[in-house]
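According to the working numbering, the residues represented by the sequence shown are 1369 to 1687, in order.
Just below is one structure, and these are the notes that go with it.
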Amino acid sequence: MYNDVKLEKGLYNLSGKSFTAALEEIDPSANYAGTPLEKLDAYERQLKRFNIRISGSSCDNVEKFFTSTETAVLFPEFVTRSIKKGFDETVLTSICAAKTISESGQYLGCTLDDSAAYTSSAQASTLPTATVMESTTATVLAKYGRLINASYEAVRKQRLDVFGIMLRSIGVKLAAAVTAKALDVLADGIAPITSSALTYADLAALCGEFECFNMNAVIVSPSVASEIVAMEQLSDVTAEESGRIMLPFGAELIRTSAADDNKIIGIDRNFALEFITSTDLIMETDKLIDRQLDQITVSITCGFRQITPDAIKVLSITA
């Protein structure tokens, strides 16, 4: 049972396992089916065990994690989850068709040569060929991160929900830096259509560039998004409850500060981009457990690769 789990630093250092995965092996969530705890994962059950409240009107302060050596072990996971929540709430997760875990800092994927026409063939004749080959160029993964200075004395009385929001904001900005690289990769080698000034006709022309694939996402900067939303043709378009804005031709308008003001990228996000990472978000857990919060590093090592260039089109504004 979750009340009997022995919490120790070593749970963070098991090869190939996250802290929560290590806890789940000791205390499987499947054992709680049909009980009041069935909606909690192994980490959340430990928070309940030690009565650590991370949200709500009776939210605890940061120092609650450090009331014992066992509860201190739970603190790095709180920091990781808060930053990861901010990271995952960004557009990055919505523009990637696949996520690949690489064991090294370089990744060789496959390429597809599918340029032959898909035409009918006479009986007994040779069919047009599509060829899958190993890529000749490796995707080199880069490290993105942040050094956080926050002494224990400075944060010990801070409410956990407020501290968590601060950490989430770091995750959001970290994701924005990673997204900038993703957009560079998407546009690389794609011959753009051009216009001297953005019009609705240009957006329709971008959609018209797609043949076999569907433009289901249009990625733009905040200032370009405001231009598009103000267009007369979009006067009847309203945002969904989730905040998503769908353009009349069926593409979601994706706004990100990582996009250039003079470049609009249309994609079929089911086929366009591969997200490659050798690590999830990582940080120095020992320092957090020992209350040495003066210098905490959080980082992710990742890269991107086009999967299907035909699922990517670019509109360049030349003015």
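Cβ atoms here follow ideal geometry from the backbone N, Cα and C, with glycine treated the same way.
In this text the structure is predicted, and so the values were computed from the model without any measurement.
Exercise for the section: Assign residue 1444 to one of two classes, buried (16 or more other C-beta atoms within 10 Å of its C-beta) or exposed (fewer than that). Expected result: Stepping through the sequence shown from its first residue, residue 1444 is reached at position 76. Answer is buried; the Cβ neighbour count reaches 16.
Problem - Close-in-space but distant-in-sequence residues of the same chain around residue 1379 (CB under 8 Å, 5 per side omitted) - result: On the sequence shown, position 11 is the one that residue 1379 refers to. Once the five neighbours on either side are set aside, the close Cβ partners of residue 1379 are 1387, 1390, 1391, 1441.
Handout entry: Simplified DSSP state of residue 1601, which is helix, strand or coil
Key = Here residue 1601 refers to the residue found at position 233 when the sequence shown is read from its first residue. In this structure, residue 1601 counts as helix in the three-state DSSP scheme.
Handout entry: Complete beta strand (DSSP E) runs within the stretch 1630-1655 (minimum length 3 residues, chain order)
Key = 1631-1635, 1641-1645
Handout entry: Local Cβ density within 10 Å of residue 1674, reported as buried at 16 or more and exposed below that
Key = Start at 1 with the first residue of the sequence shown, and residue 1674 comes out as number 306. So residue 1674 counts as buried.
Practice task
For the stretch 1626-1635 and the stretch 1576-1590, state whether three or more C-beta atom pairs, one from each stretch, are separated by less than 8 Å.
Solution key: yes
Handout entry: Paired residues, beta bridge with residue 1614 - DSSP
Key = As a position in the sequence shown, residue 1614 is number 246, starting the count at 1. DSSP output for residue 1614 lists 1620 as bridge partner(s).
Exercise for the section: Taking residue 1481 as the reference, give the member of 1532, 1458, 1501 with the closest Cα. Expected result: Counted from its first residue, the sequence shown places residue 1481 at position 113. Minimum Cα distance to residue 1481 is reached at 1501.
Handout entry: Any 3 or more C-beta pairs closer than 8 Å across the stretch 1656-1670 and the stretch 1507-1521
Key = yes
Problem - Through-space distance from residue 1654 to residue 1555, alpha-carbon basis - result: One-based indexing of the sequence shown puts residue 1555 at position 187. One-based indexing of the sequence shown puts residue 1654 at position 286. One C-alpha to the other measures close to 41 Å.
Handout entry: Simplified DSSP assignment, three categories, for residue 1515
Key = In the sequence shown, residue 1515 corresponds to position 147, counting from 1. If DSSP states are grouped into helix, strand and coil, residue 1515 belongs with the strands.
Handout entry: For residue 1641, the nearest candidate out of 1402, 1410, 1453, 1462 (CA to CA)
Key = By 1-based counting over the sequence shown, the position of residue 1641 is 273. Per the Cα distances, 1462.
Practice task
Could you tell me the distance, in whole angstroms, from the CA atom of residue 1563 to the CA atom of residue 1630?
Solution key: To locate residue 1563, count along the sequence shown from 1; it is residue 195. To locate residue 1630, count along the sequence shown from 1; it is residue 262. C-alpha separation (whole angstroms): 10 Å.
Exercise for the section: Please name the residue, chosen from 1464, 1504, 1531, 1473, that lies closest to residue 1668 on a Cα-to-Cα basis. Expected result: For this step, residue 1668 is matched to residue 300 along the sequence shown. Checked all of 1464, 1504, 1531, 1473; the closest Cα to residue 1668 is 1473.
Problem - Terminal residues of the alpha helix (DSSP H) in which residue 1545 lies - result: Taking the sequence shown and counting its residues from 1, one reaches residue 1545 at position 177. Looking at the DSSP string, the run of the alpha helix (DSSP H) that includes residue 1545 is 1528-1555.
Problem - Segment limits, alpha helix (DSSP H) that includes residue 1572 - result: The residue labelled residue 1572 in the question sits at position 204 within the sequence shown. Run containing residue 1572: 1568-1576, per the alpha helix (DSSP H) assignment.
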